[in-house]
Ligand code: GDP
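Numbering (UniProt numbering), first residue to last: 2 to 365.
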């Protein structure tokens, strides 16, 4: 599955957000830096009203949403790349995620200590980015030394790695994250293998007070400007509200959101933004037994999409009976779609579309 790491300075609200996401008390929120020492991992159901709609039409017995993994990564501080605070642990954990949700404190509260003694989310973002940039530079410099001999020996892979590392280093030395480097398709895989911290896609999460959840505030607006300038996205969330919502049932939660003037829970927006960031989309399998959502990368072909369900589906793939979501709904289900000629037989080269309802045929 796909993993999103929640990072940020201590006391910005990471644990509060993670708790709300996973509705668990495991990641204890407390007004104390370094309270989250081990990374906490939680699987979160991806909210998708289309799934409920499909299940209603097919009278499915069960609804199984697709899931996304969130990792609450222990507080990073200035000097982490030098092993201060929980530095090394942090860097190791961040290597293992696909994308980063960077939580920024956009609330004032004298009772909650800020590690640098002032509330400035843009400066906080820079602090963390700088640590990650330094960590990447150091890891590249080490690796460059280690492959010198292979490069001299003409090892093709090593030559490619060296070239990419130097490309990354040039950006990092200018104080830029590795994600600004554009690489060709043929280099894409080797580039990913470098596992640079600053090459991971990032999404800023502005944690605002309850009263600012609907409109945001000056601080979140500044983050918005920074994000836009970088070509990154941001979401405005009140971790405290999300924490409260997570303890309510669906009906109460909807009422509460309405009172606050919110269209949608912040967590739903966060998960959607994460999907967008990771280039993910959803397809469905629907029957009387269950309606289920599955996550794939955009551009995935039908056999690989089938492989998400089971390796055998991919190996023995014959074809995918495919109904677009809108057709499934307007024809009131599979039988209707078939009668109206809206059910297509798609082969190995078919690129699955977001919302497709699929039924795979395969050899065993
Ligand atoms: P972490 O260190 O980043 O994981 O931060 P926590 O989630 O433990 O939060 C640190 C403290 O800030 C806790 O006392 C939270 O209750 C508090 N906090 C979190 N979000 C908000 C918020 O939006 N407004 C206010 N006033 N306090 C918050």
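Virtual Cβ for every residue (Gly too), placed ideally from N, Cα, C.
Given the structure is predicted, the values throughout are model-derived calculations rather than measurements.
Item: Go ahead and pull the three-state DSSP assignment for residue 184.; Value: coil
Item: Quick check: the Cα distance between residue 45 and residue 69, rounded to an integer number of angstroms?; Value: 5 Å
Item: Look at residue 239 and residue 275 and say whether their C-beta atoms are less than 9 Å apart.; Value: no
Item: What is the rounded straight-line gap between the Cα of residue 283 and the Cα of residue 289?; Value: 20 Å
Item: Could you give the DSSP three-state label for residue 312: helix, strand or coil?; Value: helix
Item: Candidates 344, 301 and 349: which alpha carbon is nearest residue 320's?; Value: 349
Item: Since residue 127 contacts residue 145 with CB under 8 Å, what's their CB separation in whole angstroms?; Value: Not really, about 26 Å apart at Cβ, beyond 8 Å.
Item: Look at residue 206 and residue 100 and say whether their C-beta atoms are less than 9 Å apart.; Value: no
Item: Under the rule that 16 or more other beta-carbon atoms within 10 Å means buried, what is residue 32, buried or exposed?; Value: The predicted model places residue 32 with a pLDDT of 40, which falls under 50 and marks its position as unreliable; any figure quoted below should be read in that light. The residue is exposed, with fewer than 16 neighbouring Cβ atoms inside 10 Å.
Item: List the endpoints of the continuous alpha helix (DSSP H) containing residue 150.; Value: 122-153
Item: Does the ligand GDP have even one heavy atom less than 8 Å from the beta-carbon of residue 125?; Value: no
Item: Restricting to Cα atoms, I'd like to know which of 19, 6, 60 and 13 is closest to residue 1.; Value: Residue 1 is absent from the model: the chain starts at 2 and stops at 365.
Item: Taking 8 Å as the cut-off, does the CB of residue 211 come closer than this to any heavy atom belonging to the ligand GDP?; Value: yes
Item: Please name the residue in 95, 158 and 149 whose C-alpha comes closest to that of residue 134.; Value: 95
Item: Please state if the CB of residue 285 and the CB of residue 376 are separated by a distance shorter than 9 Å.; Value: Since the first residue shown for the chain is 2 and the last is 365, residue 376 is missing from the structure and cannot be characterised.
Item: At a cut-off of 8 Å, is residue 208 close to the ligand GDP when judged by its beta-carbon and the heavy atoms of the ligand?; Value: yes
Item: Is residue 16 near the ligand GDP, in the sense that its beta carbon is under 8 Å from a heavy atom of that ligand?; Value: yes
Item: Quick check on the burial criterion: 16 or more other C-beta atoms within 10 angstroms. Buried or exposed for residue 193?; Value: exposed
Item: How is residue 351 classed by DSSP in three states: helix, strand or coil?; Value: coil
Item: Report yes if the C-beta of residue 364 is less than 8 Å from at least one heavy atom of the ligand GDP; otherwise report no.; Value: no
Item: Hey, would you say the C-beta of residue 10 is under 8 Å away from at least one heavy atom of the ligand GDP?; Value: yes
Item: Report the rounded CA-to-CA distance for residue 142 versus residue 304, giving the unit in angstroms.; Value: 40 Å
Item: Which residue marks the beginning of the beta strand (DSSP E) containing residue 16, and which one marks its end?; Value: Where residue 16 is concerned, there is no enclosing beta strand (DSSP E), although the alpha helix (DSSP H) it sits in stretches over 15-23.
Item: As an exercise, report each continuous beta strand (DSSP E) stretch of at least 3 residues that is fully enclosed by the region 90-115, in chain order.; Value: 100-106
Item: If residue 160 and residue 169 are in contact, beta carbons under 8 Å, what's the gap, nearest whole angstrom?; Value: About 15 Å; that fails the 8 Å criterion.
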